[in-house]
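Structure record follows, encoded as structure tokens.
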Amino acid sequence: LWQFNFGASARKPFFHPIRLAGGPVLSWEAPPDHPWHHGLWFSWKFINGLNYWEENAETGESEGKTFWDSPRISCTPDGAAVIEIALRYGPD
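Residue numbering for the sequence shown follows this note's numbering, starting at 219 and increasing by one per position.
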């Protein structure tokens with residue numbers, strides 16, 4: 219079971235929480251030692267010298283930004299989901 223987070227307040231699209239049915243949560247949103255980690259997420263460390271991974275502790279922003287349009291989400295009769303999302307990376 220999972221939740222896909224991609225709204226305007228998300229800095230990067232990510233899955234959290236992720237868990238097995240009836241089990242514990244397997245992902246962690248912004249752990250104290252790595253607050254830029256967002257469950258299961260999509261990011262590069264560096265592209266053309268810009269850091270897309272780590273966020274500034276004061277601003278909460280990365281040097282490089284992740285941009286996306288609304289995803290296309292479709293569900294199948296067996297309860298599975300297909301999520302299609304185009305990610306773009308660049309400076310602010």
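Backbone N, C-alpha and C fix where the C-beta goes; we use that ideal spot for every residue, glycine too. It should be emphasised that the depicted structure is a prediction, and the values quoted were computed from it without experimental measurement.
Collapsing the DSSP output to three states places Glu272 in coil. If you check the CB distance, Trp259 and Tyr307 do not come in under 8 angstroms.
Contact check between the stretch 222-238 and the stretch 268-284: three or more CB pairs, one atom from each, fall below 8 angstroms, which counts as touching. One Cα belongs to Ala299, the other to His234, and the distance between them is close to 15 angstroms. With respect to the 8 angstroms criterion, Pro289 and Ile301 are classified as neighbours on the basis of their beta carbons. Here DSSP, grouped into helix, strand and coil, assigns Ser261 to coil. Looking only at Phe224, Gly278 and Ser245, the smallest Cα-Cα distance to Leu305 is reached by Phe224.
Cα atoms of Trp220 and Glu272: separation of roughly 24 angstroms, rounded to the nearest angstrom. Of the residues assessed, Ser280 falls on the buried side of the cut-off, its CB having 16 or more other CB atoms within 10 angstroms.
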